[in-house]
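S.K.: In UniProt numbering, the protein residues as written are 1 to 619.
Encoded as C-alpha cells, here's the structure I'll be asking about.
Set out below in C-alpha cells:
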C-alpha cells in the first residue's frame with residue numbers, strides 16, 4: 001500500500017461563493033421567504049422578540065427574554081466529555097432588533113466555517129440568507145423547466161407526500177466555497193412499501209482501479225456533474241406532494257404538486273435515474289461493465305472511453321482527449337451537465353496529478369474537518385492508529401459507559417469512510433473499534449480519538465498511482481490467528497495493488513473460530529481469492545487482460561492446502577467453501593506464492609503493529 005507525502009499548498013486560490021442572478025420563480029409562486037419565522041423559546045414584552053436561529057451544529061438557540069440581547073448559548077456538550085480533551089461549550093451571540101441573531105465566536109468544528117441550515121426558517125433568517133434564497137430560486141426554476149411536477153388539485157382523499165429543503169455548502173479541493181446548493185427533497189421515508197428500489201452505485205475499488213490505469217497509461221481524467229439528475233427519471237406511479245416551503249400558491253385549484261418525474265428523496269428516485277441514464281448511454285454506444293454496472297465502456301476504431309458513475313457524479317477517462325470532449329458534448333445534449341474539467345474532487349476524495357502523470361487520491365480536507373469537529377486540530381499526533389500489540393475488549397464492570405453512545409458511532413462511521421476510501425492504514429483499527437458500536441465505553445472512545453490523532457500527523461498521506469511503481473495486479477493475504485480476545489476468532493486481511501498502490505483491501509473478523517493458524521490463513525486466502533476473481537473481471541473490462549492473479553501468503557500450510565488436494569487430521573474439517581481456493585488454482589485463475597512474514601504488507605490489516613513494521617507495511 002504505497003503512500004506519498006506531498007505538499008498541497010500549490011492548489012488553486014480560494015474561490016468565493018457564486019452570486020449569479022439565478023432564476024426567479026414564476027408568478028404563481030410568490031416567494032414568501034418571510035412568511036415563517038424561526039421558532040422561539042418564549043418572548044419578551046410585545047411578542048415581537050424571541051425568534052431563534054441556530055447553525056447546523058445543533059442546538060445553539062439563545063434565550064429570548066428581550067428584543068435586544070447578548071450572551072452565551074449552551075452547545076449541549078455536557079454529555080460529550082471525551083477523556084483526552086476538554087471541549088469548548090460556549091458560543092457568543094447577539095440578538096438584533098430585527099429578530100436576526102449573529103454569532104461572534106462560532107466554533108468551526110460545529111459550523112464548518114459557514115453554517116448549513118437544517119430548516120427553511122433557519123435559511124431565510126440566518127447568515128447567508130441571500131445566497132440560500134438564490135439557491136432555492138434556482139432549484140424551483142430547474143424543477144419547473146424540467147417538468148418535474150405541476151400544480152393541481154389532488155383527488156379527494158389523496159395522501160400528500162411531505163417535502164423539505166436540504167442545504168449544502170459545496171467546496172473545492174482547497175476548501176474554498178464554490179457555491180451554495182439547495183435541494184427540494186420529498187420525505188420518501190413516509191412512502192408505502194412495495195416499490196422496486198434497486199439501483200447500483202460504483203464500488204470505490206473500481207474508481208481506484210480506473211485511476212491506476214489512467215495514471216499508468218497517461219490518460220486524462222475529467223469530471224462532469226449532471227444537474228438535477230433525479231429529476232430526469234420517469235415515474236411509473238402517480239404521486240402527489242405538498243408544495244415547497246416558501247413557494248406555496250394561494251390559488252385554491254393549485255393545492256399540491258402532481259409529480260410527473262422522480263424527485264430527490266423518493267425511494268425509487270435513484271432507480272428511475274439509473275434506468276434513464278443506462279438507456280441514454282446505450283444510444284451513445286456505452287455498455288455497462290460485467291464487474292461493475294456503474295462503469296460504462298465504449299470501444300470503437302477511434303479508441304476507448306470509460307465513464308464511472310456515482311449517482312450524478314461522473315468520472316471519464318480515455319486514451320484520446322478528443323473522445324472525452326465528444327462524450328461530454330453528446331451527454332450534454334441529453335442531460336443538463338456541468339463540465340468540471342480535470343477531476344479535482346470526487347465523492348469527497350481529492351484527485352491530484354503529478355509532473356510525471358502519477359495520480360494521488362487523498363482526503364486531507366475531510367481529515368481536517370474531522371479534527372475541527374472533534375477539537376483535535378492542535379492535538380499531539382500518534383505514530384500508529386492503535387497502541388502496538390493492543391487487544392481491545394468489550395466494556396467490563398468498572399469501565400465507564402458513554403452517556404451518549406451515538407458520539408462513538410458517529411466518530412467510527414466518519415473514520416470508516418476514510419478507511420474504505422483512501423486510508424487502508426487505519427482499516428484494522430476501524431475493524432476492531434466497529435465491534436463495540438452497541439455498547440462502547442470511555443476507553444473505546446479514547447482509542448477512536450487516538451486514531452484521529454494518528455490522522456492529524458498523516459493528513460497528507462494518500463494513494464499514489466503510476467510513476468515508477470509496478471503495474472501488475474497482485475494481492476497479499478494474511479490472518480491474525482485467534483486475535484480477538486473475546487471470541488477467539490481470527491482476523492482476515494488482504495490487499496490488492498495495481499499501478500503501485502492499493503486498489504482493494506479488507507480487514508474483517510472471521511465468522512468461525514479457526515482450530516489452527518493454518519486454517520485461519522486458509523480462510524483469509526479464500527476471501528482474497530473471491531476478491532481476486534471479481535478484480536479479474538474488472539481487469540478484463542479495463543483492457544488489462546484476464547490472466548492469472550498472483551496472491552502472496554506467509555503461511556506454508558495454507559499454501560500447501562491451496563495448491564495440493566491433501567487432507568490430514570488437522571484439516572479434514574475445513575469447510576468446503578474454503579476449497580474454492582484449490583479449485584481456482586487448478587483452473588489457473590489465481591497463483592499462490594510464498595513470501596516471508598517480513599515482506600507481508602497485509603500484516604497492517606490484521607494486527608496492531610509497532611511503529612517500524614507499521615510504516616514499512618504502509619509504504
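From the three backbone atoms N, C-alpha and C, an ideal C-beta is built for every residue, glycine too.
Buried or exposed, going by whether 16 or more other CB atoms sit within 10 Å of the CB of residue 619?
M.R.: For the purposes of this step, residue 619 is taken as residue 619 along the chain shown, with counting starting at 1. With fewer than 16 Cβ atoms within 10 Å of its Cβ, residue 619 is classed as exposed.
S.K.: Is the Cβ-Cβ distance between residue 560 and residue 507 less than 7 Å?
M.R.: For the purposes of this step, residue 560 is taken as residue 560 along the chain shown, with counting starting at 1. For the purposes of this step, residue 507 is taken as residue 507 along the chain shown, with counting starting at 1. In this structure, residue 507 does not lie closer than 7 Å to residue 560 by Cβ.
S.K.: Going by beta carbon distance, what residues of the same chain come within less than 6 Å of residue 330, once the five residues before and after it are set aside?
M.R.: As a working mapping, residue 330 is identified with position 330 in the chain shown. Hits under 6 Å: 284.
S.K.: So what does residue 648 bridge to, in DSSP terms?
M.R.: With the chain covering only 1 through 619, there is no way to say anything about residue 648.
S.K.: When the Cα of residue 253 is compared with those of 290, 151, 340, 350, which residue comes out closest?
M.R.: Reading the chain shown from its first residue, position 253 is the one you call residue 253. The option with the nearest alpha carbon to residue 253 is 151.
S.K.: Between the alpha carbons of residue 491 and residue 482, how many angstroms are there, rounded?
M.R.: Stepping through the chain shown from its first residue, residue 491 is reached at position 491. Stepping through the chain shown from its first residue, residue 482 is reached at position 482. If you take the alpha carbons of residue 491 and residue 482, they lie about 8 Å apart.
S.K.: Buried or exposed for residue 531, please, with buried defined as at least 16 other CB atoms from any protein chain shown within 10 angstroms of its CB.
M.R.: Position 531 of the chain shown, counted from the start, is the residue given in the question as residue 531. It is buried - the Cβ of residue 531 has at least 16 other Cβ atoms within 10 Å.
S.K.: So, does the stretch 338-358 touch the stretch 206-222, judging by three or more C-beta pairs under 8 Å?
M.R.: Touching, yes.
S.K.: Helix, strand or coil: how does DSSP classify residue 372 here?
M.R.: Sequence index remark: in the chain shown, residue 372 carries index 372 (1-based). It is helical.
S.K.: I want to know whether the stretch 582-593 touches the stretch 507-520 - three or more CB-CB distances under 8 Å.
M.R.: Counting Cβ pairs under 8 Å, fewer than three are found: no touch.
S.K.: Indicate whether the contact test is met: 3 or more Cβ pairs, each with one atom in the stretch 240-252 and one in the stretch 353-367, closer than 8 Å.
M.R.: The stretch 240-252 is not in contact with the stretch 353-367.
S.K.: Applying the criterion that 16 or more other CB atoms from any shown protein chain within 10 Å of the CB defines a buried residue, is residue 608 buried or exposed?
M.R.: Position 608 of the chain shown holds residue 608. So residue 608 ends up on the buried side.
S.K.: Express the C-alpha separation of residue 212 and residue 503 in angstroms, rounding to a whole number.
M.R.: Taking the chain shown and counting its residues from 1, the one referred to as residue 503 is at position 503. Taking the chain shown and counting its residues from 1, the one referred to as residue 212 is at position 212. If I take the Cα positions, the gap works out to 8 Å.
S.K.: Exposed or buried, residue 556, counting other C-beta atoms within 10 Å across all chains shown (16 or more means buried)?
M.R.: Numbered from its first residue, the chain shown carries residue 556 at position 556. The residue in question, residue 556, is exposed, as its Cβ has fewer than 16 Cβ neighbours within 10 Å.
S.K.: In three-state DSSP terms, what is residue 177?
M.R.: Here the question's residue 177 lines up with position 177 in the chain shown. Strand, per DSSP.
S.K.: What residue does the beta strand (DSSP E) around residue 464 start on, and which one ends it?
M.R.: Here residue 464 refers to the residue found at position 464 when the chain shown is read from its first residue. Start and end: 462-465.
S.K.: Taking C-beta to C-beta, are residue 547 and residue 591 nearer than 7 Å?
M.R.: Numbered from its first residue, the chain shown carries residue 547 at position 547. Numbered from its first residue, the chain shown carries residue 591 at position 591. Contact: no.
S.K.: Measure the CB-CB distance between residue 175 and residue 373 and report whether it falls below 7 Å.
M.R.: Looking up residue 175 in the chain shown gives position 175. Looking up residue 373 in the chain shown gives position 373. Not in contact: residue 175 and residue 373 (Cβ atoms no closer than 7 Å).
S.K.: Under DSSP, the alpha helix (DSSP H) around residue 408 begins and ends at which residues?
M.R.: Taking the first residue of the chain shown as position 1, residue 408 is located at position 408. 406-421 is the span of the alpha helix (DSSP H), which, as asked, contains residue 408.
S.K.: Could you compute how far the alpha carbon of residue 462 sits from the alpha carbon of residue 348?
M.R.: Here residue 462 corresponds to residue number 462 of the chain shown, with the count starting at 1. Here residue 348 corresponds to residue number 348 of the chain shown, with the count starting at 1. Rounded to whole angstroms, residue 462 to residue 348 spans 13 Å at the Cα level.
S.K.: With a threshold of 6 Å on Cβ separation, who are the neighbours of residue 26 within its own chain once the five nearest residues in sequence on each side are excluded?
M.R.: For this step, residue 26 is matched to residue 26 along the chain shown. With a pLDDT of 40 at residue 26, under the threshold of 50, the modelled position of that residue is not reliable, and the figure given next carries that caveat. Hits under 6 Å: none found.
S.K.: For residue 518, count neighbouring Cβ atoms within 10 angstroms of its own Cβ and tell me buried if that reaches 16, exposed if not.
M.R.: Sequence index remark: in the chain shown, residue 518 carries index 518 (1-based). Buried is the call here.
S.K.: So what does residue 124 bridge to, in DSSP terms?
M.R.: The count along the chain shown starts at 1 and reaches residue 124 at position 124. Answer is none; residue 124 lacks a bridge partner.
S.K.: Of the choices 393, 422, 472, whose alpha-carbon is the least far from that of residue 436?
M.R.: Numbered from its first residue, the chain shown carries residue 436 at position 436. Answer by Cα proximity: 393.
S.K.: Distance check for residue 433 and residue 439, CA to CA, integer angstroms please.
M.R.: For the purposes of this step, residue 439 is identified with residue 439 of the chain shown, where counting begins at 1. For the purposes of this step, residue 433 is identified with residue 433 of the chain shown, where counting begins at 1. Distance between the alpha carbons of residue 439 and residue 433 is about 11 Å.
S.K.: In terms of alpha-carbon separation, which member of 381, 384, 312, 375 lies closest to residue 202?
M.R.: On the chain shown, residue 202 is found 202 positions in, with the first residue counted as 1. When each option's Cα is compared against that of residue 202, the closest is 312.
S.K.: Rounded to a whole number of angstroms, what is the C-alpha to C-alpha distance between residue 133 and residue 164?
M.R.: As a working note, residue 133 is residue 133 in the chain shown. As a working note, residue 164 is residue 164 in the chain shown. For residue 133 and residue 164, the distance between alpha carbons rounds to 14 Å.
S.K.: Under 7 Å, do residue 441 and residue 401 count as touching if we go by C-beta distance?
M.R.: Counting from 1 along the chain shown, the entry for residue 441 is found at position 441. Counting from 1 along the chain shown, the entry for residue 401 is found at position 401. A contact, by the Cβ cut-off of 7 Å.
S.K.: For the candidate residues 420, 186, 408, 208, whose alpha-carbon lies nearest to that of residue 464?
M.R.: Position 464 of the chain shown, counted from the start, is the residue given in the question as residue 464. Looking at the Cα atoms, 208 is the closest of the given residues.
S.K.: With burial defined as no fewer than 16 other Cβ atoms inside 10 Å of the residue's Cβ, what is the status of residue 614: buried or exposed?
M.R.: Taking the first residue of the chain shown as position 1, residue 614 is located at position 614. The residue in question, residue 614, is buried, as its Cβ has 16 or more Cβ neighbours within 10 Å.
S.K.: If you check the beta carbons only, do residue 429 and residue 386 fall under 7 Å apart?
M.R.: For the purposes of this step, residue 429 is identified with residue 429 of the chain shown, where counting begins at 1. For the purposes of this step, residue 386 is identified with residue 386 of the chain shown, where counting begins at 1. Yes, they are a contact pair.
S.K.: So residue 216 is in the alpha helix (DSSP H); what residue range does that whole segment cover?
M.R.: Your numbering for residue 216 matches position 216 in the chain shown. Run containing residue 216: 204-217, per the alpha helix (DSSP H) assignment.
S.K.: For my contact list, residue 318 and residue 303 are in at a C-beta cut-off of 8 Å; report their separation, rounded to the angstrom.
M.R.: As a working note, residue 318 is residue 318 in the chain shown. As a working note, residue 303 is residue 303 in the chain shown. Indeed they touch by this definition, with Cβ atoms about 6 Å apart.
S.K.: Give a single yes or no on whether residue 536 has its beta carbon closer than 6 Å to a heavy atom of the ligand FMN.
M.R.: What this structure holds is no ligand at all, so the ligand FMN is not there to describe.
S.K.: What are the start and end residues of the alpha helix (DSSP H) that includes residue 132?
M.R.: Indexing the chain shown from 1 puts residue 132 at position 132. That run of the alpha helix (DSSP H) goes 129-146.
S.K.: Between residue 114 and the rest of its own chain, which residues show a CB-CB distance below 7 Å, the 5 nearest in sequence each way excluded?
M.R.: Numbered from 1 along the chain shown, position 114 holds the residue referred to as residue 114. If we look at residue 114 and ignore the five residues flanking it on each side, its Cβ neighbours are 128, 169, 177.
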